[in-house]
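Chemist: Just passing along the structure, written as structure tokens.
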Amino acid sequence: MKRITKASLVTLSAAVVALGQTGAAHADTLHWNKTKKCRQKDLDGRNVPTRIGNSELGWAHFSSNHNIRTCRIVNAPLNGKADKNDGKGGLEYWGYAFDGTHPQVKIIVKAQVTRRTQDKRYDAGSGQMVGVITAYCKGMRKCPNWMNQSATKFKR
């Protein structure tokens, strides 16, 4: 009986160690850079930051995935009232980009104005808000390059 108990204990210990290592590896994927890249005050008085983030949220996510490479593109929709509110701190802002040559493009900016994301995976710290989660052009995988040019105009 003692041999079975020792064998079970060794197996259980190995499983706990393996589980702990898996949890630690998962925690590393949640690292994000909280440094503010852009900031815009909306019409409700919120200073909504756009943080550097990582591949899942923030500037690092949408600048590569959605070809948004200037704060002007993100700040234009934020310079107004939220167009959608999920009641849990998730806000959506809409804006438009145009240059007189190309068709106007709708910009959607999603922000979390609470300390933590809704899935609790990211925490901005005491007294801080997560800010912009993503920004993209409606109906497009990537925003057109012309939007990143200085001649582009934006409206709410």
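Take 36 as the starting number for the sequence shown in my numbering and just add one per residue. All C-beta atoms in this analysis are idealised placements derived from N, C-alpha and C, irrespective of residue type, glycine included. None of these values were measured; they are calculated from a predicted model.
What separation, rounded to the nearest whole angstrom, lies between the Cα atoms of histidine 101 and alanine 170?
Modeler: Each residue's alpha carbon lies about 7 Å from the other.
Chemist: What is the rounded straight-line gap between the Cα of lysine 188 and the Cα of aspartate 77?
Modeler: About 18 Å.
Chemist: What is the DSSP secondary structure of cysteine 106, reduced to helix, strand or coil?
Modeler: Of the three classes helix, strand and coil, the one that applies to cysteine 106 here is helix, per DSSP.
Chemist: Starting from the Cα of serine 122, find the closest Cα among Asp134, Ile103, Thr149, Lys141 and give me that residue.
Modeler: Rather than serine, the amino acid found at residue 122 in this sequence is glycine. Cα-wise, what sits closest to glycine 122 is Thr149.
Chemist: Can you tell me which of the three DSSP states asparagine 89 falls into?
Modeler: If DSSP states are grouped into helix, strand and coil, asparagine 89 belongs with coil.
Chemist: When the Cα atoms are used, what is the spatial distance from threonine 152 to valine 165?
Modeler: Distance between the alpha carbons of threonine 152 and valine 165 is about 7 Å.
Chemist: Alanine 159 and glycine 130 - do their beta-carbons sit closer together than 7 Å?
Modeler: Contact: no.
Chemist: Straight-line CA distance for leucine 44 to aspartate 154?
Modeler: Residue confidence for leucine 44 is low, a pLDDT of 46 falling below 50, so the modelled location carries little weight; the figure read from the coordinates is stated next. Taking the straight line joining both Cα atoms gives about 35 Å.
Chemist: Mind checking who aspartate 134 pairs with in its DSSP beta bridge?
Modeler: DSSP lists no partner for aspartate 134.
Chemist: For asparagine 180, which residues from the same chain have a beta carbon less than 8 Å from its beta carbon, with the 5 sequence-adjacent residues on both sides left out?
Modeler: Hits under 8 Å: Asn102.
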